[in-house]
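Visitor: Below you will find the structure I want to go over with you.
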Amino acid sequence: MRPRPLLVTGYSMLSALGRGRAQHLDALAAGRTGLGPCPIPLDFETAAGAVRSELPELEGALQPWSTRLARMATALLHDLDEPLRRARARWRPERIAVLLGTSTAGAETTEVAYQQFIAGGKFPRDYDFQRQHTFGAVLHVVRALSGASGPAWMASTACTSSGKTFATAQRLMAAGLIDAAIVGGLDTLCTMTLQGFNSLQALDRAPCRPFHEHRNGISIGEGGAFALVERDGDARVTIEGIGETSDAYHISAPHPEGAGAQRAMEQALAKAGREPGDVDHVNAHGTGTRLNDTAEANAIKNVVGTAVPVVSTKAFTGHTLGAAAALELAFSALTIEEGLVPPALGDDAIDPAIDLHIPTTPLRGSYRRVLSNSFAFGGNNVSLLVAAP
Amino acid sequence: MSHDLGSPSPVSPFSVAVTGVGLYLPGFLTAQAWTSGEALPADQPQKPTGLAFDRVNRRRASQMGRAIADVVHEALAQAGADPVTTPVIVGSSIGEASAMIGLLDQMWREKEPMSPAVFTVSVHNAASGLLSISAKNKGYTTSIAADYDTPAAVLLEAIGLIATGHERVAVVCADEASPRSLLEHAPHWEMLAAALVLSRSDDPAALAQVTVAAAPDDTRPDAATMPQWPEGIEHNPQVGLADLADAVLRRRAGALALDRGKGRGFAVTLSPVAATGAAGA
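Taken in order, these protein sequences are the chains called A and B. Counting from 1, position 308 in the first sequence corresponds to residue 308 in the numbering used here; the numbering is continuous, with no gaps. Every position in the second sequence, counted from 1, becomes a number in the numbering used here once 1000 is added.
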């Protein structure tokens, strides 16, 4: 059964590049990275993509939920206000779902509180695990602020988390259970993630350079993107097909030939009823590690060949983990709406072993379909085929 | 035997069949043990086996991960479903919280370098990933969370899959024992894992039909029909799926709250199917 394309009627974004469409478009077109010194104290050097935009405080009854993650969610919802108002006027609140993704949830807040617990035996008085850490905490905030009262849950499949939410929304609509959904995801920088990827020797000391010859790992970022998807309406872009596969290979290493990634892209195309030749651009997962990029490049080449421009925007934002799929969906939408493929960033040459078209200057043209890839720990793969309406 | 659990008021309902059940709780390591009422003696090992994992991944898995593997294996076996192709949806409110606390202690209490092995299985989807690797399942899997509404979330996610062509889906809800340091003012809960295999409502192997509403309703927990779980289980955020598993096994009928009154009020309506010998009690 081929589900109907998912209509994206609005989207918002927040990252190291700024807040909102204009700031992101400006940086992507100019080839200006948001990566810089990591704001979290560490005993090693690494670049990070920190959100520097001012975030709104939560007020009134929601104040106890006010964490950096919740404030990011509030900013993303605020920037989705206009399409949300239209949706609320059109659909019953219980038919609007909230389906979000995160990898770390409130870990950043718990880290701060736990350091105080270790030092003094007590958590800060205003720390509340259930309101500030759990996966349900941000759901509560988004439901309260948006007025959506349909099904609500967090997907947490590490770096594919927010990509899964689009597929879930599409299925719940096909089942007749919802008419609209706020989907997407968000994650914050935290020490555990940075130390964890460092322990795996997966962090680049310099800003990450996906697909480049001397790439040496990931730069971690933070941020998020929300999208409003509806059963019908004026779509900015559509999601024609979504592939969801598992490598069934290793908990943290990709399949060396990118077999699971390849099947995810093929599944996205098959569900959309499209051919590889219909793809105009690939927004790659492209973390910047040697293994990941090599495996993904092999998979992309096997699916769409070597002529399609392929870029990883993680060189702009860092790897935003659970938010990455949604953020890169937003960048894919910008590519389609603005006719812009951002350049691959990095001082050195593209790896000659990567047999793909990796543009190092911005491309302008007509791009009607973009494959956007996200892959995760657990061997979890998601590929979204984003299309012009 | 059939018990009326009250009147449903579903919104946008969707029916599925339950064809397999798995349970793990301290003292009762399988659904069969639970329905037979034969608790393990306290001096016997109470830990989940994780035998559905291959040896390497069993070592990697947490106790909760092993419990998830055990109950999924039990439910799939009862349903006659293939672990290589059946999608698995894992629900957990706090995920691998022990691993996270271990990492925090390692960083700041012990001031040691972080263990990469622990870091890679500290993600919420560690169990679903390890299951897919062990079973060589290259298809769909996910890991989701919604506090006390997680049982409702896994059922709705499964309905989406069944509505779009998947024949069978395994859903599992699990939470490890509550981390006392982080939840010092909340009632403590013990580890619990419950799994169901769901399929289209016309599946001839159905043990029960379950109708799930996509929005909260006014169904409230009925203390008279709630199972008497061992101490500490009733506070586990995933107890709603265990309540549903118990109701399927005991062939109960009617409305059943999925959140013990602590979530948003999601509920299901149960209709037992004529016994085929597979159901317990």
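Where a beta carbon is used, it is the ideal one built from N, C-alpha and C, also for glycine.
Have a look at GLY61 (chain A) and ALA70 (chain A) and give me their C-alpha separation to the nearest angstrom.
Guide: Position 61 of the first sequence, counted from the start, is the residue given in the question as residue 61 (chain A). Position 70 of the first sequence, counted from the start, is the residue given in the question as residue 70 (chain A). Checking the sequence, you will find Ala at residue 61 (chain A) rather than Gly. Cα to Cα, ALA61 (chain A) sits roughly 13 Å from ALA70 (chain A).
Visitor: Which runs of the beta strand (DSSP E) fall wholly inside the stretch 66 to 125 of chain A and span at least 3 residues, in chain order?
Guide: If we require 3 residues or more, the beta strand (DSSP E) runs fully inside the stretch 66 to 125 of chain A come out as 96 to 101.
Visitor: With 16 other CB atoms within 10 Å as the buried threshold, where does SER372 (chain A) fall?
Guide: For the purposes of this step, residue 372 (chain A) is identified with residue 372 of the first sequence, where counting begins at 1. Counting every other CB atom within 10 Å of its CB across the protein chains shown gives SER372 (chain A) a total of 16 or more, marking it as buried.
Visitor: Label ILE118 (chain A) either buried or exposed according to how many other C-beta atoms from any shown protein chain fall within 10 Å of its C-beta, with 16 as the threshold for buried.
Guide: For the purposes of this step, residue 118 (chain A) is taken as the residue at position 118 of the first sequence. Exposed is the call here.
Visitor: Under 7 Å from any heavy atom of the ligand ATP, does the C-beta of GLU1110 (chain B) make it?
Guide: No copy of the ligand ATP appears in this structure; indeed no ligand is present at all.
Visitor: Return the CA-CA distance between ASP1243 (chain B) and PRO1227 (chain B), expressed in angstroms with no decimal places.
Guide: Position 243 of the second sequence, counted from the start, is the residue given in the question as residue 1243 (chain B). Position 227 of the second sequence, counted from the start, is the residue given in the question as residue 1227 (chain B). Cα-Cα distance, rounded: 7 Å.
Visitor: Would you decide whether ALA1279 (chain B) is buried or exposed? Buried here means 16 or more other CB atoms lie within 10 Å of its CB.
Guide: The count along the second sequence starts at 1 and reaches residue 1279 (chain B) at position 279. Any reading at ALA1279 (chain B) must be qualified, since the residue scores a pLDDT of 36, below 50, and its modelled position is unreliable; the value itself is stated next. So ALA1279 (chain B) ends up on the buried side.
Visitor: Any idea if GLU45 (chain A) is buried or exposed, counting beta-carbon neighbours within 10 angstroms, 16 or more meaning buried?
Guide: Within the first sequence, numbered from 1, the residue matching residue 45 (chain A) stands at position 45. Looking at its Cβ environment, which holds fewer than 16 other Cβ atoms inside 10 Å, GLU45 (chain A) is exposed.
Visitor: Output the distance between the C-alpha atoms of LEU76 (chain A) and TRP65 (chain A), rounded to the nearest integer angstrom.
Guide: The residue given as residue 76 (chain A) occupies position 76 in the first sequence. The residue given as residue 65 (chain A) occupies position 65 in the first sequence. Their Cα atoms are separated by approximately 16 Å.
Visitor: Can you list, in chain order, the residues of its chain with a C-beta nearer than 7 Å to that of ALA235 (chain A)? Leave out the 5 residues immediately preceding and following it.
Guide: In the first sequence, residue 235 (chain A) corresponds to position 235, counting from 1. Excluding positions up to five away in sequence, the list reads LEU7, VAL8, THR9, PRO389.
Visitor: Is ASP1149 (chain B) buried or exposed, if buried means 16 or more other CB atoms sit within 10 Å of its CB?
Guide: Taking the first residue of the second sequence as 1, we reach residue 1149 (chain B) at position 149. So ASP1149 (chain B) ends up on the buried side.
Visitor: With distances taken between CB atoms, is the gap from ALA137 (chain A) to GLY163 (chain A) smaller than 8 Å?
Guide: Here residue 137 (chain A) refers to the residue found at position 137 when the first sequence is read from its first residue. Here residue 163 (chain A) refers to the residue found at position 163 when the first sequence is read from its first residue. It is not a contact, given that the beta carbons lie outside the stated cut-off.
Visitor: Closest to SER146 (chain A) by C-alpha separation, out of A:PHE316, A:ASP81, A:LEU385, would be which residue?
Guide: As a first step, residue 146 (chain A) is located in the first sequence; it is residue number 146 there, counting from the start. Out of A:PHE316, A:ASP81, A:LEU385, A:ASP81 has the C-alpha closest to the C-alpha of SER146 (chain A).
Visitor: Report the rounded CA-to-CA distance for LEU384 (chain A) versus GLY243 (chain A), giving the unit in angstroms.
Guide: Taking the first sequence and counting its residues from 1, the one referred to as residue 384 (chain A) is at position 384. Taking the first sequence and counting its residues from 1, the one referred to as residue 243 (chain A) is at position 243. Approximately 7 Å between the Cα atoms of the pair.
Visitor: Hey, quick one: how far does the alpha helix (DSSP H) through PRO1151 (chain B) stretch, first residue to last?
Guide: Counting from one through the second sequence, the residue named residue 1151 (chain B) turns up at place 151. Looking at the DSSP string, the run of the alpha helix (DSSP H) that includes PRO1151 (chain B) is 1150 to 1163.
Visitor: Of all the residues that make up the stretch 139 to 158 of chain A, which are near chain B by a beta-carbon distance shorter than 8 Å?
Guide: Result list: LEU139, SER149, GLY150, PRO151, ALA152, TRP153, MET154, ALA155, SER156, THR157, ALA158.
Visitor: Opposite GLU244 (chain A) in the DSSP bridges: which residues?
Guide: Here residue 244 (chain A) refers to the residue found at position 244 when the first sequence is read from its first residue. DSSP lists A:VAL382 as partners of GLU244 (chain A).
Visitor: 8 Å is my cut-off, CB to CB: does VAL1121 (chain B) come that close to chain A?
Guide: Here residue 1121 (chain B) is taken as the residue at index 121 of the second sequence, counted from 1. Chain A contact via Cβ: present.
Visitor: Could you check whether the Cβ of LEU390 (chain A) sits closer than 8 Å to any Cβ belonging to chain B?
Guide: There is no way to answer for residue 390 (chain A), as the model of chain A reaches only from 1 to 389.
Visitor: Is it right to say GLN1044 (chain B) is buried, meaning 16 or more other beta carbons lie within 10 angstroms of its own, or is it exposed?
Guide: As a working note, residue 1044 (chain B) is residue 44 in the second sequence. Exposed, by the Cβ-count rule.
Visitor: Please classify SER146 (chain A): does DSSP put it in a helix, a strand, or coil?
Guide: Mapped onto the first sequence, residue 146 (chain A) falls at position 146. Helix at SER146 (chain A).
Visitor: Let me make sure I understand the geometry here. Which of A:THR168, A:LYS271, A:GLY277, A:PRO254 has the alpha-carbon closest to that of ALA297 (chain A)?
Guide: As a working note, residue 297 (chain A) is residue 297 in the first sequence. Nearest option by C-alpha distance: A:PRO254.
Visitor: With DSSP collapsed to three states, give me the class of ASP1004 (chain B).
Guide: One-based indexing of the second sequence puts residue 1004 (chain B) at position 4. A caution first: ASP1004 (chain B) carries a pLDDT of 38, below 50, which makes its placement in the model unreliable, though a value can still be read off. Strand, per DSSP.
Visitor: Mind pulling the chain A residues with CB within less than 9 Å of ARG1311 (chain B)?
Guide: As displayed, chain B neither begins before 1001 nor continues past 1281, which places residue 1311 (chain B) out of reach and without an answer.
Visitor: Is it right to say SER1134 (chain B) is buried, meaning 16 or more other beta carbons lie within 10 angstroms of its own, or is it exposed?
Guide: For the purposes of this step, residue 1134 (chain B) is identified with residue 134 of the second sequence, where counting begins at 1. Buried: at least 16 other Cβ atoms inside 10 Å.
Visitor: Hey, does THR109 (chain A) have any beta-carbon neighbour from chain C nearer than 8 Å?
Guide: Included in the structure are the protein chains A and B, with no chain C among them.
Visitor: Determine the closest residue to GLN132 (chain A) out of A:GLY49, A:VAL112, A:GLY150, with distance taken between C-alpha atoms.
Guide: The residue labelled residue 132 (chain A) in the question sits at position 132 within the first sequence. If we check each option's Cα against that of GLN132 (chain A), A:VAL112 comes out closest.
Visitor: So who's on the other strand from TRP153 (chain A), going by DSSP bridges?
Guide: Position 153 of the first sequence holds residue 153 (chain A). When beta bridges are read from the DSSP output, TRP153 (chain A) appears opposite A:LEU99.
Visitor: Please list the terminal residues of the continuous alpha helix (DSSP H) segment that includes LEU1130 (chain B).
Guide: Residue 1130 (chain B) sits at position 130 when you count from the first residue of the second sequence. Element bounds for LEU1130 (chain B): 1126 to 1135.
Visitor: Beta-carbon of ILE336 (chain A) versus every beta-carbon of chain B: anything under 8 Å?
Guide: Residue 336 (chain A) sits at position 336 when you count from the first residue of the first sequence. No, ILE336 (chain A) lies away from the interface with chain B (no Cβ there is under 8 Å from its Cβ).
Visitor: Quick check: ALA1146 (chain B) and MET173 (chain A), are their CB atoms within less than 8 Å of each other?
Guide: Walking along the second sequence from the start, residue 1146 (chain B) turns up at place 146. Walking along the first sequence from the start, residue 173 (chain A) turns up at place 173. Cβ atoms of ALA1146 (chain B) and MET173 (chain A): not closer than 8 Å.
Visitor: So the beta strand (DSSP E) THR46 (chain A) belongs to, where does it begin and stop?
Guide: Position 46 of the first sequence, counted from the first residue, corresponds to residue 46 (chain A). Element bounds for THR46 (chain A): n/a, residue is neither H nor E.
Visitor: Considering just the uninterrupted stretch of the beta strand (DSSP E) at MET13 (chain A), what are its terminal residues?
Guide: Residue numbering aside, residue 13 (chain A) sits at position 13 when the first sequence is read from its first letter. Residues 6 to 15.
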